[in-house]
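Using the working numbering, the first residue of the sequence shown is number 10, and each one after it goes up by one.
Heads up, the beta-carbon is just placed ideally off N, CA and C, and yes, glycines get one too.
It should be emphasised that the depicted structure is a prediction, and the values quoted were computed from it without experimental measurement.
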Amino acid sequence: MTKFVLTLHVLSAVFLIGPMAIAPMMGMRAIRKHDARGVHEAARTTTLYTLLSLVVAALGFVLIGVSNGRWSFGDAWVTISITLYVIALLLGIGVVAPGLTGAARLLDASTPLPATPVTPMTPVTESDTAVETPEPAGTDTATIDVETRRKVDAAYGRVAASSGIVALLLIIIVIFMVVRPFR
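Next comes the structure, spelled out in C-alpha cells:
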C-alpha cells in the first residue's frame with residue numbers, strides 16, 4: 010500500500026506541482042507581450058493548479074499514515090516541508106494569481122498606442138513600383154500609457170519575485186523528500 014500511495018504522491022507532484030510552478034512564467038511572458046488574454050489564462054491556470062496541489066499534500070499525509078512508522082510528522086524534514094508548502098500555497102493563491110489577474114485587468118483596460126509613429130507615405134515616383142506603408146503595431150510591440158505601464162511593471166515584479174520564491178520553496182521540498190535531512 011505504501012508504494013502505491015508513494016507512486017500516486019510522486020505522479021501527482023509531477024503533474025500538479027509542475028504546472029503550478031510554470032504557469033506564472035507563462036503569465037510573465039504574456040505580460041511582456043501585452044497579451045491580456047494570455048495573462049488571464051495564466052492566472053486561471055495558476056489558481057487551478059495551486060489549489061489542485063492540495064491533492065499532493067493530502068496524498069503526502071496519507072503516505073505518512075500508511076508508512077508503518079517509516080516517516081512521521083515528528084521528522085524535521087516532514088515538518089519543514091509542510092511549512093514550506095503552506096508558504097508556497099499562500100504565495101500562489103495570495104500573491105501570484107492575484108498579481109496576474111491585476112496585470113490582465115490593467116492590460117484589458119489600457120488602450121494600445123502604435124509602437125512606431127505613423128509617418129507619411131513616401132510619394133510614388135515613376136521608378137517606384139511599390140508604395141511603402143507603415144507597419145501596424147503588434148500586440149507584442151504596442152505601448153501603453155505611462156501610468157498603466159508603471160502599474161503593469163509593478164505587478165510583473167510582484168509576480169516574478171513571488172513565483173520565484175514559490176519555485177525555490179518547491180525545489181527545497183523536493184530535495185528534502187529525496188535526501189531526508191535532520192534524521
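Rounded to whole angstroms, what is the Cα-Cα separation between residue i and residue j?
i: LEU17; j: ASP154; result: 49 Å
i: ARG167; j: ILE182; result: 22 Å
i: PHE191; j: ILE174; result: 23 Å
i: PHE24; j: SER81; result: 25 Å
i: ALA85; j: GLU156; result: 47 Å
i: ILE1; j: MET10; result: The structure shown has nothing for residue 1, since the chain only spans 10 to 192.
i: PRO107; j: LEU116; result: 14 Å
i: SER21; j: VAL161; result: 33 Å
i: THR148; j: GLY36; result: Only weak support is given to the placement of THR148: the predicted model assigns it a pLDDT of 46, under 50, and the value that follows is read from those uncertain coordinates. For THR148 and GLY36, the distance between alpha carbons rounds to 15 Å.
i: PHE13; j: ALA67; result: 14 Å
i: TYR165; j: VAL64; result: 29 Å
i: THR125; j: ILE40; result: Note on THR125: pLDDT 47, under 50, position unreliable in the model; no value is reported.
i: ALA163; j: THR92; result: 28 Å
i: PRO33; j: LEU177; result: 14 Å
i: ARG38; j: ALA170; result: 14 Å
i: ILE184; j: ALA52; result: 27 Å
Taking residue i as part of the alpha helix (DSSP H), name the residues at either end of that continuous run.
i: VAL187; result: 155-188
i: VAL95; result: 85-100
i: MET29; result: 27-41
i: PHE70; result: 45-75
i: PHE13; result: 11-21
i: GLY108; result: 106-118
Closest to residue i by C-alpha separation, out of the options, would be which residue?
i: SER119; options: ALA22, ASP44, MET29 and ILE26; result: ASP44
i: ARG158; options: LYS12, GLY27, MET35 and LYS42; result: LYS42
i: ILE26; options: ILE184, VAL188, ARG189 and LEU179; result: LEU179
i: VAL188; options: TYR165, MET34, SER90 and VAL105; result: SER90
i: MET186; options: GLY69, VAL95, VAL75 and ALA176; result: GLY69
i: THR55; options: VAL75, PRO28 and VAL95; result: PRO28
i: LEU15; options: MET34, VAL95 and SER76; result: SER76
i: SER172; options: ALA163, GLY78 and VAL105; result: VAL105
i: VAL19; options: VAL95, LEU72 and ARG53; result: LEU72
What do you reckon, is the C-beta of residue i under 6 Å from a heavy atom of the ligand NAD?
i: PHE191; result: In the structure shown, the ligand NAD is absent, as is every other ligand, since no ligand is present at all.
Q) Three or more beta-carbon pairs under 8 Å between the segment 46-60 and the segment 101-113, yes or no? A) yes
Q | Contact between the segment 53-60 and the segment 88-107 (3+ Cβ pairs under 8 Å) | A | yes
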